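Right, one structure below, let's go through it.
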């Protein structure tokens, strides 16, 4: 999908194919971080500028020129804009919202490690992202300061993993680990690879979406040294599947690194079946495996993004049978307080007992499946 906002190129005095535009360091240095800059690329009213400035008292904004170029400057409901530009709704908090909705601090045995599941840990290596998404569940940390953890903190976290032999899977996240230099990330991955019981290293990143020029041959060459590596990224809308992002994804897969996607269901962005269908089909065409579709977490200031849970269940039901099964993500709630991910599925089982299972398919037709010790036979009952 082609980009539309030519004002971005004019404001920065670059062209889409210029060396500066394709340099991820330039993109990162030139992130849009206040209402005055933003008004150079979007049509903002005085009230909108005032509201944005008010929001930035609580949560910072950072938008790469690349991602800003995806926004329709004349559409206040643009789905890309909704993910990047603050709304005054972020200032409205509710009693059920939490600073740490997933209970990560409760499950943190040492700094920067979250150990919720028996065989895997989350390793938070930086507070930096190329873009500070407005729906970020970790906004209590991410974007507060543009810092990465110290060498002392890295060693403390690695030592915890080393002395905990049941850990076989480490998810490196943040912030976004791919905002680190190649050398900085290589150091962390090398330390993890020295631990014999660490079998899998995963990286959680939104870089292919927000700053795809970061996916360089040098980065991929470094990552290949530490196989097996898996990467999960975070596309939320088909409009994000640009030529540049698809090429970045292709280069990751061509390097032998499996690539998955975790989306968040966001009101006004992707909360309808046609948008999710187009996104999942676009991802699979780009060789990105749909993994999770998350219900939006209950972080402070995100009430306006949250949908009724039945919306996600309905969307998954409408996808089933209409696109390939491997293209359908798991719709899940990451339970408040740290209970982990719980799948939310459409109801396909009508009844089940020792004799048979009665089930409903994607068209609503009812079928029977006899249990191994039952006496029934499988048949279509009715529509």
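Numbering (my numbering), first residue to last: 41 to 423. For each residue, glycine too, the CB sits at the ideal point set by N, CA and C. None of these values were measured; they are calculated from a predicted model.
Margin query: For residue 265 and residue 96, what's the separation of their Cα atoms in angstroms?
Written below: 40 Å
Note to self: Our contact map puts residue 243 next to residue 278 with C-beta atoms below 8 Å; I'd like the distance itself, whole angstroms only.
What the structure shows: With 8 Å as the limit, residue 243 and residue 278 do not qualify as a contact, their Cβ atoms being about 24 Å apart.
Notebook entry, point to check: Taking Cβ to Cβ, would you say residue 109 is nearer than 8 Å to residue 62?
Noted result: no
Next item on the list: Can you give me the Cβ contacts of residue 344 inside the same chain, cut-off strictly under 6 Å, excluding the 5 residues immediately before and after it?
Entry: 129
Next item on the list: Any chance you could list the alpha helix (DSSP H) runs of at least 4 consecutive residues sitting entirely within the segment 256-284, in chain order?
Entry: 257-264
Note to self: Once DSSP output is grouped into helix, strand and coil, what is the label at residue 68?
What the structure shows: helix
Margin query: Between which residues of its own chain and residue 58 is the CB-CB distance below 7 Å, once the five residues before and five after are set aside?
Written below: none
Check: Taking the Cβ atom as the reference point for each residue, do residue 168 and residue 188 lie within a distance shorter than 8 Å?
Finding: yes
Note to self: Cutting at 6 Å between CB atoms, please list the residues of its own chain near residue 284, excluding the five before and the five after it.
What the structure shows: 252
Checklist line | Own chain partners of residue 402 with C-beta closer than 8 Å, once the 5 adjacent residues on each side are dropped | finding: 357, 360, 361 and 362
Next item on the list: Would you grab the beta carbon distance between residue 327 and residue 290 for me? Rounded to a whole angstrom, and I think it's under 8 Å.
Entry: 7 Å
Next item on the list: Pick out the complete alpha helix (DSSP H) segments inside the segment 169-212, 4 residues or longer, and give them in chain order.
Entry: 191-202
Margin query: If I measure Cβ to Cβ from residue 423 and keep anything under 6 Å in the same chain, skipping five residues before and after, which residues do I get?
Written below: Interpretation of residue 423 is limited by its pLDDT of 47, a score under 50 that renders its predicted location unreliable; the figure taken from the coordinates is listed afterwards. Once the five neighbours on either side are set aside, the close Cβ partners of residue 423 are 405.
Next item on the list: Check whether the Cβ atoms of residue 299 and residue 273 sit closer than 8 Å, and answer yes or no.
Entry: yes
Item checked: The alpha helix (DSSP H) enclosing residue 75, as first and last residue numbers -> 75-78
Item checked: Cβ distance (whole Å) where residue 303 is taken to contact residue 333 below 8 Å -> 5 Å
Notebook entry, point to check: Helix, strand or coil: how does DSSP classify residue 380 here?
Noted result: strand
Next item on the list: Mind the definition here: the segment 203-223 touches the segment 156-168 only if three or more C-beta pairs lie below 8 Å; say whether that holds.
Entry: yes
Next item on the list: Assign residue 314 to one of three DSSP states: helix, strand, or coil.
Entry: helix
Next item on the list: Determine the DSSP secondary structure at residue 239, reduced to helix, strand or coil.
Entry: coil
Margin query: Can you give me the C-alpha to C-alpha distance between residue 50 and residue 78, rounded to a whole angstrom?
Written below: 13 Å
Check: Given a threshold of 16 other Cβ atoms within 10 Å of its Cβ, counted over all protein chains shown, does residue 377 qualify as buried or as exposed?
Finding: exposed
Notebook entry, point to check: residue 177 and residue 337: beta carbons closer than 8 Å?
Noted result: yes
Notebook entry, point to check: Are the CB atoms of residue 214 and residue 182 nearer to each other than 8 Å?
Noted result: yes
Checklist line | Among 113, 66, 268 and 55, nearest to residue 83 - alpha-carbon criterion | finding: 113
Notebook entry, point to check: Taking DSSP as the reference, what is the three-state secondary structure of residue 123?
Noted result: helix
Check: What distance in whole Å lies between the Cβ atoms of residue 311 and residue 375, which are believed to be in contact at a cut-off of 8 Å?
Finding: Actually they are not in contact, since the Cβ atoms of residue 375 and residue 311 sit about 21 Å apart, beyond 8 Å.
Check: Hey, does residue 208 have any beta-carbon neighbour from chain C nearer than 8 Å?
Finding: Included in the structure is just one protein chain, with no chain C present.
Next item on the list: Thinking residue 316 and residue 355 are a contact (beta carbons under 8 Å), I'd like their distance in whole angstroms, please.
Entry: 5 Å
Note to self: Less than 7 Å between C-beta atoms, sequence neighbours within five positions excluded: which residues of the same chain meet that for residue 202?
What the structure shows: 235
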